[in-house]
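For reference, the structure is listed below as structure tokens.
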Amino acid sequence: MKQLLFIFLLIAGINSHAQVLSLREQATITDEVLADRLNNLLPQLMEKNGIDMWVMITREYNEDPIVKTMLPATWISARRRTILVFYYNPQTKQYTKSAVARYNVGDNIEAAWDMKKYPNQWDALKVLVEKYQPKKIAVNTSVNFAHADGIDHTEYQTLMQSLPEIYRQRVVSSEPLAIAWLETRTEREMQFYPQLIHMSKNIIAEGFSSKVITPGITTTEDLVWWYRQKINDLGLSTWFHPSVEIQRNDSVAFDHLKAFTSKGFNSKDVILQGDLLHVDFGISYLRLNTDIQEHAYVLQPGETDAPAFLKAALAKANRLQDILTMQFKENKTGNQILADALAMAKRENIHATIYTHPIGYHGHAAGPTIGLWDQQDGVPGSGDFPTHYKTAYSIELNAAVEITEWKKTIRIMLEQDGYFDEAGFRYINGRQTQLHLVGN
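Residue 2 is where the sequence shown starts when you use the numbering used here, and the numbers rise one by one after that.
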């Protein structure tokens, strides 16, 4: 195990062109991480959130998002109807992991369905519930988080019909526990998360170079598809299609809202010398995701560096990042962080828009929403969720900066992945503080 991890760290640390782990090696790491989470993290989270039984019911090809994070690497989907039951007694410390299913779910969750004795799967579940007599039966229902709302209508109805009345009254939403499972990053995950970001940044840097961009010929769409193809060629995947935008010295006002609509993607603008380029890019690997936005400047003849006014604009956006990340405190809600950051930015005359989100098992992951691009007064529901330690975030925002030399306002749109724990907030693998230069 340690040898495999060392090989991974070594390879990923060299450059983005090196081969990623083989599928077999990826499966080994994935299952090791999963075993640690199921055996060590989950009972802690159940005790912390006051849940003694967590029941997840899902069917093949209609998987609950959380169940998918609990399947072994060799399971591409659930099998028939898969019911997972986790029980934890805080007094006796008894902890069991059961699958009311035909098969063991990997090496960590043992099948607990005697099909001869209980031909009906729901009867087998009822027997398990009656055996442990839980005080709370948490199921995946949630108003504010799609990730935690994975039980479908049919399965919920059938569950309630199958349980005796005394246990129907004990069914509750799993939302706090479900979000905790998704948002909490383990020590093992944080060993290799920096390498995912390192790989992402190296791919971005290669795309933002003369190897890929020929001014006057290469279009933004060409660059988008180069990024997409590069991800595939390296044996990686992505959770969203990349996008590339241009800001330049012309009379066209840059509408940053287009970057969040279909009109902002896949444009065929030709990249020219003197352009300020922006990319939104991320990869998926070992069940974790990255989400990064950076900028590049295309050098004009005789230039060896970006203009001072663009470097100053980037520095202002970096300051906005600092303003936001210094607001992180345990149990502070996303809306509180947003309001405090925007107020401080206003005092410093920074025209800010903040739309930061958790990241991890999903790109737009579970946890506190810290603004949306179209909701800068707070986000009801998910924005009211508190911040917890051992969680990861994409620090996503933009600063509008007046450029006298161009007679217009530009937006420096940045996104960098970071981690929050008892020591405070830190970027997992640095952040962009200098523009990429194309043509140097």
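We treat Cβ as the ideally placed atom computed from N, Cα and C, and that holds for glycine.
By the Cβ rule, the stretch 137–149 counts as touching the stretch 371–391, because three or more pairs are nearer than 8 Å. Counting of Cβ neighbours within 10 angstroms places Arg186 among the buried residues, the total reaching 16 or more.
Residue state for Lys118 is assigned as coil, using DSSP reduced to three classes. At a Cβ-Cβ threshold of 8 Å, Ser395 and Asp422 do not count as neighbours. According to the DSSP assignment, Gln376 belongs to no alpha helix (DSSP H), since it is labelled neither H nor E. As a beta-bridge residue in DSSP terms, Asn63 pairs with Arg60. By the neighbour-count criterion, in which 16 or more other beta carbons inside 10 Å mark a residue as buried, Tyr228 falls on the buried side.
Val106 is bridged by DSSP to Ile110. Asn399: member of the beta strand (DSSP E) spanning Thr392 to Ile404, first to last residue. Secondary-structure assignment with DSSP links Thr187 through no beta bridge to anything. For Ser210, DSSP assigns no beta-bridge partner whatsoever. Asn121 and Tyr133 have their C-alpha atoms some 19 Å from each other. In this structure, Val280 places its C-beta atom within 8 Å of the C-beta atom of Val245. Scanning Gly368, Ile198, Asn141 and Lys94 for the CA closest to the CA of Asn40 turns up Lys94. Contiguous alpha helix (DSSP H) elements confined to the stretch 77–102 do not occur, taking only those with 4 or more residues. Asp153 is bridged by DSSP to nothing; it lacks a bridge partner. Shown here for Met161: same chain residues with a beta carbon closer than 6 Å to its own, the five before and five after excluded, namely Arg169 in chain order.
In the displayed model, Thr354 falls within a strand according to three-state DSSP. The alpha-carbon of Thr357 is positioned some 13 Å away from that of Ile324. Distance between Ala309 and His352, taken at the CA atoms: about 19 Å. Thr326 is a Cβ neighbour of Phe426, given a cutoff of 8 Å. Looking at the DSSP output, Leu438 sits in a beta bridge with Tyr298. When Pro216, Ile404 and Thr31 are compared, the shortest CA-CA separation from Leu438 is found for Pro216. If you check the CB distance, Ser175 and Trp55 come in under 8 Å. Counting every other CB atom within 10 Å of its CB across the protein chains shown gives Met116 a total below 16, marking it as exposed.
Per the coordinates, the alpha-carbon of Pro302 lies some 16 Å from the alpha-carbon of Asn250. Ranking Met47, Lys330 and Gln377 by CA distance to the CA of His389 puts Lys330 first. With contacts defined as CB atoms closer than 8 Å, Ile360 and Ile293 fail to qualify as a contacting pair. If you ignore the 5 residues before and after Asp341, its C-beta comes within less than 7 Å of the C-beta of Gln328, all in its own chain and listed in chain order.
CA-CA distance, Leu237 to Asn50, rounds to 35 Å. CA-CA distance, Leu311 to Ile404, rounds to 8 Å.
With a cutoff of 8 Å on beta-carbon distance, Ala125 and Tyr119 are scored as near each other. Between Ile355 and Leu398, the C-beta spacing is below 8 Å. Note on geometry: alpha-carbon atoms of Gln433 and Glu295 lie some 7 Å from one another. For Val128, there are no CB contacts under 6 Å within the same chain when 5 residues up- and downstream are skipped.
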